[in-house]
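Trainee: Encoded as structure tokens, here's the structure I'll be asking about.
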Amino acid sequence: MYTNLRHRTLRTAFLTTTLLATAMGAHAYAQEAKPQDNTDVSDEQVKTVIIRAERSRAAATSPSKASLDQGEPQSIVSRPFIENSVAETGDFTTIANITPSAASAGSNNGPGFGESKVTLRGFKDGNYNVTFEGIPWGDSNNPTHHSNSFFPASTVGAVIVDRGPGSVGDIGQANYGGNIKMFSNKVADDFGVTLRETVGSWNSWQSVAVVQTGKIKALHDLAGFVNIQMNGSDGAQTYSSMHSGNATTKWTLPISETWNFTVFAMYNANLWHVSDNPGGTQAQTALYGKDFALSNDPTKATYYGYNQFNKHTVFSYAKLGGDLPAGFKLENTTYNIYYDNTTNTATNLSSADGTSNSAAAIGAYVTNSLTVNGVATKAKPSNPNDILGYEKLNHYMTWGNITRVNRDFGFGVLHTGLWLETSSTNRHTYDYDATLGRTVFDNREKPVCLVYNGVTCKTTSTDAMLNYKSYEERSSWWQVQTFADFEWHVTDALTITPGIKAVSMKRNVNADVIKSPRMAQNAGNKNTKTLSNLSVNYKLAKNWSVYGQFAEGMYMPDIAALYVINAASNSASPSLSTNYQLGTVYQSHHVAVDVDVYRIDLTNLLAADSAQNTYINIGKAKASGLEGQVSYAFDNGVTLFANGSSNRYINAVTRMQVSGAPLTTTGAGALYHHGQWSGSLLYKQVGKQYADNAQAIPINAFDTVDLSVNYEFGRYRIKAQINNLMDNRDLTGLKTDKTSALLNTYTYLVGRNAQLTLIAKF
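Position in the sequence shown (first residue = 1) + 1370 = this note's numbering.
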């Protein structure tokens, strides 16, 4: 646990070092210090999208807006809204949540001080791509995302949410449900320094320093920025402190008039006390409140010392772009993604009465082996009252290259590209006796099966060293996507863009033991698919367009398809989505409106065949809905907005809503910017959903109201925020227990919280 003195010492050292570096930088570059405001991004294509989307006052001042040029439903959130209205400690889910059909409860430990998930049209995390500067990232066992592991809000210049597969040039292995695209802050032309100091609820704090070098004439106009962020919090939940550090830098170098070189690198570290199995039972909530998570009692599985995440990540790329002969343009990006998370956690934190450990939480087999002559035994635990725990490692390294070659023919633009990516992963879970320490292994696992007769194990391993390993595996993938489309400007008003993409992914697993069934596994699979795409945009007037899209999306079978006895018998192929979408965008000086309808047919949903212990494609689902957003800008600096969606996502057989898919989303609010004052009052509701596929466990709609007020004076700005102004503590999630309803666990909205930030620009 960090003390308040430790916090103050770190902040003082951090800001002192930053100011010294700033002073030396200013002297070295001998440039006049000018106020800088990262209200844009550097990527020229994205910059054009944002500028075109903000041609009217109403669109420019709205928190989320569409583009008159888009070919599918899309929402753009630019830097001014992030600066003025998003929690300083937030992440990309905090930003994306303001858009239609996006639904997130946020972190129940406070904004940015825990992981949060967001759904798009009901599609859960992992069923859509998340990219940064066009590079897809996510876990390597399946493409899910950890919101606080990369890219805190201070490093994000803009977010674009595609509610659909996007274009064929939008790469990733899960455009099945859409895309959330992030972009970095811009590299400024002039020297500048921005310092941000935040304090808030639960002893939360954050310090951010950004140094923009401006163009350095002596180095051929090399320019870049360094963004350093540190934060910490005791956490909204009990004994759930978290501390993080992030260093981000980006540099651009014009090699010639038509060639540019860009490098970007980010390092992030998180250390926090949290369980791998979060949520409290009804009894625990009744005794300790909705903020209960961990305790300071070493005799309980909830002891904070037993539950800790330690995570380190790196994201970097190098991009070279310029003109080729015959009018072609090249952009080549090589990237690397590193992720290392070591989780130490108690096995089960639930309690039926709120005070005692559950039966699943105690009883370690420290000296007893579960194997006698190769046969599983029913031996009693040698340490019956000790707390069970485990170490979980997720470690992967990903390398990739994206090559894009484009050609403008005047009447249209040809886009072509090739994406190559390889990834290497090491994952394991080791059981131990938490009471005795993390190095005392617990041999509680069943023996590893050596020989199967059908689905029945005939021979088991006598290697007792495997009995503390829930699983230990190494895996890899190699994926290739080639794509091409032609943006045909039929007339000044009509644009038709047909496209095609070929997808190939090969995955291998080499495991000493997989979790279920318990066996060694050395297997692989390869999946290929060709996807088509057609979008049309027609300008009814300069400020009014209609559009339509037919697009195929896919989700590659994740690694679970290889966790079977008969991996060679798998018939699993990519899950597919066929999207039909129609919409319109209208913008005037005072009004911005966009509305769309969609229908999605989903096939090849992955399901387990328990009889043959393989995975097959049997499922089908259907999604349909109506989405829209509208804003009105007054001449006095006030903008009113509202957005919403009706989202039907049903199993095609049962006709019931898929679990975890909200039926509606609603957003509304007011923004103000005039003179030295700016602010926002934002409302977001996530509609009713179900915690199960039988619609037996409803989770009612929940909502929040967030208030932000900014006052700027000279080089300084004060930003005051209150999140969840009405202190709504509604239920947001429920996880059922197979043994007893008393052990079901529940999560709730985080309570009212406040942040105060001082921003200085030099």
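Even glycine gets a Cβ: it sits at the ideal position worked out from N, Cα and C.
Which two residues bound the contiguous beta strand (DSSP E) that contains F1856?
Mentor: Element bounds for F1856: 1839 to 1859.
Trainee: Based on DSSP bridge pairs, tell me the residues matched to N1903.
Mentor: Answer is G1869, A1921.
Trainee: When burial is assigned at 16 or more other CB atoms within 10 Å of the CB, is D1461 buried or exposed?
Mentor: Burial call: buried.
Trainee: Since L1657 is in the alpha helix (DSSP H), which residue starts that stretch and which ends it?
Mentor: From DSSP, the alpha helix (DSSP H) with L1657 extends over 1652 to 1658.
Trainee: Does the distance from the C-beta atom of A1473 to that of T1861 stay below 7 angstroms?
Mentor: No, the pair does not count as a contact, with Cβ atoms beyond the cut-off.
Trainee: How is the beta strand (DSSP E) around F1698 delimited, first residue to last?
Mentor: F1698 -> beta strand (DSSP E) spans 1698 to 1716.
Trainee: Which whole-angstrom value is the C-beta distance of S1707 and T1768, which I expect to be below 8 angstroms?
Mentor: One point to set straight first is that residue 1707 is Ile, not Ser, in the sequence displayed. With 8 angstroms as the limit, I1707 and T1768 qualify as a contact, their Cβ atoms being about 4 angstroms apart.
Trainee: Where do the N-terminal and C-terminal ends of the beta strand (DSSP E) with T1786 fall, by residue?
Mentor: Start and end: 1782 to 1803.
Trainee: Can you give the Cα-Cα distance for L1719 and D1966, rounded to whole angstroms?
Mentor: Their backbone Cα atoms lie some 45 angstroms apart in a straight line.
Trainee: Among A1429, G1615, F1779, which has the Cα closest to the Cα of R1857?
Mentor: A small correction: the amino acid at residue 1857 is Glu; Arg does not occupy that position in the sequence shown. Checking every option, the nearest Cα to that of E1857 belongs to F1779.
Trainee: Just how far apart, CA to CA, sit A1722 and T1713?
Mentor: A1722 and T1713: Cα-Cα distance of roughly 25 angstroms.
Trainee: In this structure, what does DSSP give as the bridge partners for D1971?
Mentor: T1948, K1992.
Trainee: If you reduce the DSSP assignment to three classes, tell me which class G2007 lands in.
Mentor: In this structure, G2007 counts as coil in the three-state DSSP scheme.
Trainee: Spatial neighbours of I2092 within its chain, please: CB distance less than 6 angstroms, with the 5 preceding and 5 following residues excluded, ordered by chain position.
Mentor: Contacts found: L2077, A2124.
Trainee: Taking the alpha carbon of T1464 as the reference point, which residue from P1443, R1491, M1552, Q1543 has its own alpha carbon closest?
Mentor: That would be M1552, whose Cα lies nearest to the Cα of T1464.
Trainee: Roughly how many angstroms separate the alpha carbons of P1887 and P1817, rounded to a whole number?
Mentor: C-alpha separation (whole angstroms): 11 angstroms.
Trainee: CA-CA distance, N2017 and N1837?
Mentor: So the two alpha carbons sit approximately 46 angstroms from each other.
Trainee: Give the range of the alpha helix (DSSP H) segment to which T1463 is assigned.
Mentor: First-last of the alpha helix (DSSP H) with T1463: 1462 to 1466.
Trainee: With DSSP as the reference, label L2113 as helix, strand or coil.
Mentor: L2113 falls in the helix class under three-state DSSP.
Trainee: Taking 8 angstroms as the limit between beta carbons, can you name the residues of its chain near D1803, skipping five residues before and five after?
Mentor: Only A1734, V1736, N1753, D1756, I1757, L1758, G1759, V1810, F1811, D1812 meet the Cβ criterion.
Trainee: What separation, rounded to the nearest whole angstrom, lies between the Cα atoms of A1398 and V1563?
Mentor: For A1398, the pLDDT reaches just 37, beneath the cut-off of 50, and the residue's location in the model is therefore unreliable, although a value from the coordinates is still provided. So the two alpha carbons sit approximately 14 angstroms from each other.
Trainee: Taking the alpha-carbon positions, what's the L1931 to S1947 distance?
Mentor: Sequence check: residue 1931 is Ala here, not Leu. Between A1931 and S1947, the C-alpha separation is close to 19 angstroms.
Trainee: Identify every residue that forms a DSSP beta bridge with L2033.
Mentor: In the DSSP output, where bridge partners are listed per residue, L2033 has none listed.
Trainee: In this structure, what does DSSP give as the bridge partners for G2103?
Mentor: BP columns for G2103 point to T2117.
Trainee: Helix, strand or coil for N2098? Go by DSSP, reduced to three states.
Mentor: Coil, per DSSP.
Trainee: Only counting the same chain, and skipping five residues up and downstream in sequence, which positions put a Cβ closer than 8 angstroms to that of N2006?
Mentor: Result list for N2006: H2044, in chain order.
Trainee: Could you have a look at F2132 and say whether DSSP puts it in helix, strand or coil?
Mentor: Three-state result, F2132: coil.
Trainee: Could you spell out where the beta strand (DSSP E) holding S2050 opens and where it closes?
Mentor: Run containing S2050: 2047 to 2056, per the beta strand (DSSP E) assignment.
Trainee: How would you call P1668, buried or exposed, if buried means at least 16 neighbouring beta carbons within 10 angstroms?
Mentor: By the 10 Å Cβ count, P1668 comes out exposed.
Trainee: Would you check if the region 2095 to 2115 and the region 1641 to 1656 touch, i.e. whether three or more CB-CB distances between them fall below 8 angstroms?
Mentor: The region 1641 to 1656 vs the region 2095 to 2115: in contact.
Trainee: Please state the DSSP three-state secondary structure of Q2125.
Mentor: Reduced to three states, the DSSP call for Q2125 is strand.
Trainee: For Q1678, tell me which candidate among Q1919, F1698, G1998, V1644 has the shortest Cα-Cα distance.
Mentor: Out of Q1919, F1698, G1998, V1644, V1644 has the C-alpha closest to the C-alpha of Q1678.
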